Amino acid sequence: MKKISRFFMLLIVSVVIAIGLFFINSSVITTTWVGKIAEIGFLTIPVFIVVALLYYANRALVKTVKGISKKKPSQQEGPKV
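For the sequence shown, position 24 matches number 184 in this note's numbering, and the numbering has no gaps at all.
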């Protein structure tokens, strides 16, 4: 269930970024309303791929760092007091 919610969250973030990118170039492109929606839809796909790659790379990095920091300390030498 968590993977599905993460997928939709990444998709929503990608749509928001695609809409922002579209409106940055909105003065250059003059199309109909349907054309604008289609362009946002097509722009969402590569944005989603980039966002998903960054998300999973970040998760892998965080897991690696947590694994390094949870090592047990070495045993003390000598008798315990």
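For each residue, glycine too, the CB sits at the ideal point set by N, CA and C.
No experiment lies behind these values; they were computed from the predicted model shown.
| field | Whole-angstrom distance between residue 207 and residue 177, CA atom to CA atom | value | 7 Å
| message | Please classify residue 214 as buried or exposed, where buried requires at least 16 neighbouring CB atoms within 10 angstroms. | response | exposed
| query | Looking only at C-alpha atoms, which of 225, 220, 209 sits nearest to residue 167? | reply | 209
| field | Collapsed DSSP secondary structure at residue 185 in the structure displayed | value | coil
| query | Buried or exposed: where does residue 174 fall if 16 or more other Cβ atoms within 10 Å of its Cβ makes it buried? | reply | buried
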